[in-house]
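Asks:
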DNA sequence: ACTGAAGGCTGCCCGC
DNA sequence: GCGGGCAGCCTTCAGT
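Chains as they are written, first to last, in my numbering: chain A, 600 to 691; chain B, 600 to 691; chain C, 600 to 691; chain D, 600 to 691.
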């Protein structure tokens, strides 16, 4: 085992984890600032979370549709198959 | 309610969250790199976690675990313990 | 494709998943009970997890951790280690 | 610390965890059975997961609407407030 | 200080 | 045997 290599890897990880923690701390400060300006932090968190979800949802739906299309295989060209796919797409 | 102020706050938060996600991704890459160099990632994570706690806390935790385990009596007297021992023997 | 057969299979699965969820809920309750009786839940979970692994695996894991930690050299030589030591001193 | 009490608690937990593992094993068997009957296990898992999600979604949306209504407070009776609530409800 | 909830992370299981 | 996907665990956060 190469000790130096391991040591370097661990140190890089710890450095990055510190940066991550610092950023998390900055985020907390912003929420505190928002609160002191009269905003509802709980709602703000929900808004941020929803916006994140919405972005993910698109990619997600596409994956689902691909899965269904693949599962249907040749059926995808039949009226019934297309109806199923259309239904899935409407969910977007 | 000041809409512009709210918008600015949300944007600052989202910017920071993106940075945080990027760093998390970097960390994952380093573990992947470590793995490809033959290191045991699971162990590395444990080592990193241990180093985060100070030595005092670590010692206390160990003591507590020992206390609890002692209170349970020897492993061999429990059904699950016996199953584990049997399994270990089969592996030999 | 036999629709009824599929339906039956799905229903059996969902029935079992419900049972599983109920049991998980029971387990949570026991931990809550333990906590209200003054036990340290976090430690209990660690003890339970350790008992799941057989002794051999546990010993190997410990050895590896020691090996990795030794490779990193003394904690005191790293920035994070120094921070931890400082923090520990402040707590005294 | 009451050793017997701790021991009893741990044993109850371990008993339940075993039951849970057994059920998980049963579920696996059903999927295997389905597969041998020509069903696409991957799709089945998605179907089961989606049905679970759908159930959660309703409760989830309600929570969100309640949160917004509470945040709007008296505003909920104004046209603008009602528009916001309606928008949230449409998401159902 | 405790509780309940939300998000991120780890370990597991499957398919390749 | 490996990597991706998914469920469960742990930690953190707002509220009481």
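Here a beta-carbon is modelled for each residue, glycine too, at the ideal position from N, C-alpha and C.
#1: To test your reading of the DSSP string, which unbroken alpha helix (DSSP H) runs of 4 or more residues are found completely within the stretch 602–651 of chain A?
#2: Name, going along the chain, the residues of the stretch 623–641 of chain D whose beta-carbon falls closer than 8 Å to a beta-carbon of chain C.
#3: Take residue 625 of chain D as the anchor and find which of C:655, C:611, C:627, C:628 has the nearest alpha-carbon.
#4: Roughly how many angstroms separate the alpha carbons of residue 668 of chain B and residue 653 of chain B, rounded to a whole number?
#5: Tell me whether the beta-carbon of residue 613 of chain A lies closer than 9 Å to the beta-carbon of residue 647 of chain B.
#6: Among the candidates D:634, D:609, D:604, whose CA atom is the shortest distance from the CA of residue 604 of chain C?
#7: Would a C-beta distance cut-off of 9 Å place residue 621 of chain A and residue 670 of chain D closer than the cut-off?
#8: Is residue 688 of chain C helix, strand or coil by DSSP?
#9: For residue 600 of chain A, is the classification buried or exposed, using 16 other Cβ atoms within 10 angstroms of its Cβ as the cut-off for buried?
#10: Helix, strand or coil, according to DSSP, for residue 653 of chain A in the structure here?
#11: Alpha carbon to alpha carbon, how far is residue 666 of chain B from residue 629 of chain C?
#12: Compare the Cα-Cα distances from residue 657 of chain C to each of B:631, B:642, B:650 and report the closest residue.
#13: Using a Cβ-Cβ cut-off of 6 Å (strictly less than) and excluding sequence neighbours within five positions of residue 685 of chain A, which residues of its own chain qualify?
#14: Give every residue of the same chain whose Cβ lies closer than 8 Å to the Cβ of residue 650 of chain D, excluding the five residues on either side of it in the sequence, and list them in chain order.
#15: Quick one: which chain C residues come within Cβ less than 8 Å of residue 605 of chain B?
#16: What number of angstroms, rounded off, separates the C-alpha of residue 623 of chain B from the C-alpha of residue 616 of chain A?
Replies: So, from the listed chains and residues:
#1: 602–635
#2: 623, 625, 626, 629, 630, 632, 633, 636, 637, 638
#3: C:611
#4: 23 Å
#5: yes
#6: D:634
#7: no
#8: Model confidence at residue 688 of chain C stands at a pLDDT of 49, short of 50, so the residue's coordinates are unreliable; what they give is reported in the following sentence. Residue state, collapsed to three classes: helix.
#9: exposed
#10: helix
#11: 20 Å
#12: B:642
#13: none
#14: none
#15: None at all; the shortest Cβ gap to chain C is about 36 Å.
#16: 8 Å
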